[in-house]
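**Student:** Below are the structure tokens for one structure; questions will follow.
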Amino acid sequence: MRIPNNRTGPAPERGERLRRATASGAAALVLAGTGVLGSAAPASALYGEAEIQPVESNLAAKYWVEATAASGDATAALAIDQDPDTAWLATETGPGQWLQLDLGGAYDNVRKVHVAFPDPGAVYQYVVEASPDGEEWEVIADRSATATPGLGGVDPFTRPGTRYVRVTVTGASPGAAVGVSELMVFNYLRDDLVLGADLSWMDDQRNREYWVHPQEEDRGAGPFLLDVMQDRGLEYTRLRVFNEPRNESTGNPNTIPYQGPERTLTSAQWVAERGLGLGIDFHYADSWADPGKQPKPRAWAELEFPELTDAVYDYTYDYVSQLVAQGTVPDKVAVGNEIANGFMWGSEAVGAPATEAVHAGANPPYFRDQADVYQSQPGGGILWQYRHSEDPEERQLYLDSWDRFTTLLAAGIAAVRDASPESEVELHSVVGRISGMDKAGEFWHQLTTRLNAKGQDFDVLGLSYYPEHHGTLERMEQNLHTLATTYPQYKLEIAETSYPATGGGTQPNSTFPRTVQGQADAVQHVFQMVNDVIDNQGVGTLTWEPASYQAMFRSVPGMTNTSEPNASIDVYNKSRAEHVLEDTVYTAVKTGETPALPDSVDVLTTADGSVNAVPVEWDEAPSDATDAAGELTVSGTTEYGEVTAVVHVVDEFASPECDTVVSGAHYGPLSVETGTTCLAEGARVFGPVNVAEGTGLVADGARITGPVAADGADVVVLCGTHVSGPVSLTGSASVTLGDPVLDCAPNRVSGPVTVTGTTWWNVIAGNDISGPLSCSGSEAAPVNNGSANAVKGPKSGQCSGL
241 MRIPNNRTGP APERGERLRR ATASGAAALV LAGTGVLGSA APASALYGEA EIQPVESNLA
301 AKYWVEATAA SGDATAALAI DQDPDTAWLA TETGPGQWLQ LDLGGAYDNV RKVHVAFPDP
361 GAVYQYVVEA SPDGEEWEVI ADRSATATPG LGGVDPFTRP GTRYVRVTVT GASPGAAVGV
421 SELMVFNYLR DDLVLGADLS WMDDQRNREY WVHPQEEDRG AGPFLLDVMQ DRGLEYTRLR
481 VFNEPRNEST GNPNTIPYQG PERTLTSAQW VAERGLGLGI DFHYADSWAD PGKQPKPRAW
541 AELEFPELTD AVYDYTYDYV SQLVAQGTVP DKVAVGNEIA NGFMWGSEAV GAPATEAVHA
601 GANPPYFRDQ ADVYQSQPGG GILWQYRHSE DPEERQLYLD SWDRFTTLLA AGIAAVRDAS
661 PESEVELHSV VGRISGMDKA GEFWHQLTTR LNAKGQDFDV LGLSYYPEHH GTLERMEQNL
721 HTLATTYPQY KLEIAETSYP ATGGGTQPNS TFPRTVQGQA DAVQHVFQMV NDVIDNQGVG
781 TLTWEPASYQ AMFRSVPGMT NTSEPNASID VYNKSRAEHV LEDTVYTAVK TGETPALPDS
841 VDVLTTADGS VNAVPVEWDE APSDATDAAG ELTVSGTTEY GEVTAVVHVV DEFASPECDT
901 VVSGAHYGPL SVETGTTCLA EGARVFGPVN VAEGTGLVAD GARITGPVAA DGADVVVLCG
961 THVSGPVSLT GSASVTLGDP VLDCAPNRVS GPVTVTGTTW WNVIAGNDIS GPLSCSGSEA
1021 APVNNGSANA VKGPKSGQCS GL
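If you want it as structure tokens, here you go:
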């Protein structure tokens, strides 16, 4: 430690149930943002290549996370701004300075915390704690005994139900800026997060075979689509039900009733035979039902409304009962499909303006061409066009449409509950890219209020997400968060999503290229988005018809009616982390010195929560790597992945700022009354040195002829100094009497040394003391960091082992 000859100035501001079965330095690590994916080899055995990595997500980067601090609260947010050049800086000194994150809700699979501090040339001692409520805390990382300099650390841990994370600085080497540059808290996919797909079209095989590796001698799983999907990690399948499948243009019954009631019963058996989760999606239509098309089934089209309500109940109850009777109890039943504009539209469509609503012109041709049938009786369409009308009659039309819609919904929900109490009920809607949460907020408010008034409720709130229709991932994440905080009683699911693997460019509102890799990344990020919903409310993501629409399969060239999966299919089996690695280590060295890197790092096994050391093999650093101050990164390899060592090369380790510098000879008493006084190398003091409360003394290479006494000092640092007389330090915040680890040379003291009541940093290392060494009452017992003191008198109290 070398004393500067003038004041250096202040530090710069940096200011469910269904699961069966290298960056350069801290900046790059931080800027990985909300979705960092762990390393894995490309899936080269399937079509195309995709690097499928376990999903991890830095929750601290979420917009809803809040940071507070013991002091300096105004800068607390700078510790989670993804900028390593800004920091929370404490405005008070001493022990107990903390930074706390409120993640907005509990998470069960937070597995890693990464802390980075402002000064790379300082030693930071700290603990990290987690809590479900901000009251009861559990230590998840303890680095309070750290003795070597470095910017921070990464610690894997397991603690379900974590909402709050707190870093408390328990000690810092003299001169260190107390604060946090970046605090990252990483979330991983939960085991109970359902990764599934809508595979309704599997009842139409058209003589097509599906194989994992159709062109190899061992084709792997196949030839049935379900076998390939299950082999690749699929856990759950949703099946749609058309009442009486009809041509969407003519309204005539289809020759083969694909996805009709009987065929879907058979498909459900195929799903159950494989032990997969089963979802049922009632369209309550004979053809496609979505936000722009919600025709009544032909058999119900001319029923008066009370009879229509009875038909919904009877049909739903009968069908779910058949599923139960054949041993295929559905895990979840969706009452309607994408019902943002209601369903089973009828006479309310007559004369409805073509504005923001399902109306006669948007439904399938047969709905318009046979209006005397399909529009003859009221149905469950929402008359959105009258939402903001000031005309009382139009406003009443709006409210009446809601009453009809929720009456039909309530009938369907009651039928599911009565037929299969084990099954969850889902309501599936959308949040439009343009109308957004304004319309969606009104939808869910009206729906929940009215359903509850009718004595019914549901379990899962499902949404579709296609970027071209529903906006960016960031926008969708905001929508999910709004729904989660508004309706904490419901689980949330992305009931449909997909992304193309071909076509070039990107989908609207997406940054992912339309390639096999881009497909994998896009789908994984939806998994991540749902997993990151607060309080574990996100329960699953289903891809839409991955064997056909925006397919995750391709037709094999030269092989008739044969398909194989894209490499992106492995998002199902490779997105969960089996191990979480301490993937970054920090250290600091002085220029010209060789950094000491650890032989091992920690790895967490997620299956049992155990943390063990794993050896690291480091690359060779260039011979001149530490010749000049700066930042050096060294890559390391473990059996569980890559590790990066971030080495900061510094000219000098952190040291206190000097307000007054004494050089040469000083005759008589030296009283430190304000600020920090530094005795430069070669300085000599002939007389006692007294350090007053709240002030500091730093001596490096000096000689003091006389006693040294401090009472309530902020900092006392003696390095390479000869003191002819007793040293008595009481109630100091920070004491350093030698610390070779930080280039603070041992001292010679001709006399007793007494250290009492130190509250913060406390190092007594390598000194030659001609007299007793007595220590007591300090909050943290002094340490010698591996350099024993040579003491010619007794060692007692907290210093007995030094």
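Using our numbering, the first residue of the sequence shown is number 241, and each one after it goes up by one.
Glycine is no exception: its CB is placed at the ideal position from the N, C-alpha and C atoms.
Using a Cβ cut-off of 9 Å (strictly closer), state whether K533 contacts chain B.
**Tutor:** Within the model displayed, chain B is absent; a lone protein chain is all it includes.
**Student:** What is the DSSP secondary structure of L1042, reduced to helix, strand or coil?
**Tutor:** coil
**Student:** Using a 10 Å radius around the Cβ and a threshold of 16 neighbouring Cβ atoms, would you call N1029 buried or exposed?
**Tutor:** buried
**Student:** For E733, is the classification buried or exposed, using 16 other Cβ atoms within 10 angstroms of its Cβ as the cut-off for buried?
**Tutor:** buried
**Student:** For the pair the segment 342-356 and the segment 418-431, tell me if three or more CB-CB distances fall below 8 Å.
**Tutor:** yes
**Student:** Tell me whether L1013 is buried or exposed, calling it buried when 16 or more other Cβ atoms sit within 10 Å of its Cβ.
**Tutor:** Buried: at least 16 other Cβ atoms inside 10 Å.
**Student:** Hey, quick one: how far does the beta strand (DSSP E) through T802 stretch, first residue to last?
**Tutor:** Run containing T802: T802 to P805, per the beta strand (DSSP E) assignment.
**Student:** When the Cα of M716 is compared with those of S704, T726, Y880 and T725, which residue comes out closest?
**Tutor:** Restricting attention to S704, T726, Y880 and T725, the CA atom closest to the CA of M716 is found in S704.
**Student:** Check whether the segment 381-398 touches the segment 861-880, counting contact only when three or more Cβ pairs, one atom from each stretch, lie closer than 8 Å.
**Tutor:** no
**Student:** Which residues in the same chain have their Cβ closer than 7 Å to the Cβ of R503, if we skip the five residues on either side of it in sequence?
**Tutor:** Once the five neighbours on either side are set aside, the close Cβ partners of R503 are D443 and P497.
**Student:** With a threshold of 8 Å on Cβ separation, who are the neighbours of P1022 within its own chain once the five nearest residues in sequence on each side are excluded?
**Tutor:** V975, V995, T998, N1002, V1003, I1004, C1015, Q1038, C1039 and L1042
**Student:** Mapping DSSP to helix, strand and coil, what is A868?
**Tutor:** coil
**Student:** What does the alpha-carbon distance come out to for the pair S1027 and T916?
**Tutor:** As the crow flies, the alpha-carbon of S1027 is around 27 Å from that of T916.
**Student:** Per DSSP, what kind of secondary structure is E291 in: helix, strand or coil?
**Tutor:** strand
**Student:** Kindly indicate which three-state DSSP category I809 falls into: helix, strand or coil?
**Tutor:** Note: I809 maps to helix in three-state DSSP.
**Student:** Are S803 and E457 closer than 9 Å when you measure CB to CB?
**Tutor:** no
**Student:** Looking at V434: is its Cβ nearer than 9 Å to the Cβ of L518?
**Tutor:** no
**Student:** Contact defined as beta carbons within less than 8 Å: I believe W784 pairs with E736. What is the distance between those atoms, to the nearest angstrom?
**Tutor:** 4 Å
**Student:** Starting from the Cα of N690, find the closest Cα among N719, A651, E714 and A724 and give me that residue.
**Tutor:** The displayed chain sequence assigns Arg, not Asn, to residue 690. Measuring from the Cα of R690, the nearest candidate turns out to be A651.
**Student:** Can you grab the Cα-Cα spacing for the pair V956 / P335, in whole Å?
**Tutor:** If you take the alpha carbons of V956 and P335, they lie about 16 Å apart.
**Student:** Whole angstroms are fine: how far does the CA of L977 sit from the CA of P992?
**Tutor:** Cα to Cα, P992 sits roughly 13 Å from L977.
**Student:** So V763 packs on Y739, CB below 8 Å; how close in whole Å?
**Tutor:** 6 Å
**Student:** Are the segment 517-533 and the segment 457-470 in contact at 8 Å, needing three or more beta carbon pairs?
**Tutor:** no
**Student:** Suppose contacts are defined by Cβ-Cβ distances below 9 Å. Is K572 in contact with R478 by that definition?
**Tutor:** yes
**Student:** With distance defined between alpha-carbon atoms, name the residue in G576, A973, G936 and I1009 nearest to G965.
**Tutor:** I1009
**Student:** A281 by DSSP, collapsed to three states: which one?
**Tutor:** Annotation note: pLDDT 42 at A281 (below 50); position unreliable, coordinate value reported separately. Three-state DSSP puts A281 in coil, outside helix and strand.
**Student:** Could you check where the beta strand (DSSP E) with H709 kicks off and where it finishes?
**Tutor:** From DSSP, H709 is part of no beta strand (DSSP E) but of the alpha helix (DSSP H) over P707 to H710.
**Student:** I believe D954 touches G936 by the beta-carbon criterion, under 8 Å. Please report the beta-carbon distance rounded to the nearest angstrom.
**Tutor:** About 5 Å separates the beta carbon of D954 from that of G936, a gap short enough to meet the 8 Å contact definition.
**Student:** In whole angstroms, give me the CA-to-CA distance for R939 and L919.
**Tutor:** It should be pointed out that residue 939 corresponds to Ala in this sequence rather than to Arg. Cα to Cα, A939 sits roughly 5 Å from L919.
**Student:** Which residue wins for smallest C-alpha separation from L343, given the options V368, E306, A330 and V796?
**Tutor:** E306
**Student:** Could you pull the start and end residues of the alpha helix (DSSP H) that P396 belongs to?
**Tutor:** Element bounds for P396: not the alpha helix (DSSP H) but the beta strand (DSSP E), G392 to P396.
**Student:** Quick check on this structure: which residue in P797, Y706, A412 and T722 has the alpha carbon closest to the alpha carbon of S750?
**Tutor:** Y706
**Student:** Put G1033 into one of helix, strand or coil per three-state DSSP.
**Tutor:** Shown here, G1033 sits in coil according to DSSP, grouped into three states, outside any helix or strand.
**Student:** Excluding the 5 residues flanking V883 on each side, which residues of the same chain have their C-beta closer than 6 Å to its C-beta?
**Tutor:** Hits under 6 Å: D823, V841, V856 and G876.
**Student:** Return helix, strand or coil for M584, following the three-state DSSP convention.
**Tutor:** coil
**Student:** Around the Cβ of A801, are there at least 16 other Cβ atoms within 10 angstroms (buried) or fewer (exposed)?
**Tutor:** A small correction: the amino acid at residue 801 is Asn; Ala does not occupy that position in the sequence shown. By the 10 Å Cβ count, N801 comes out exposed.
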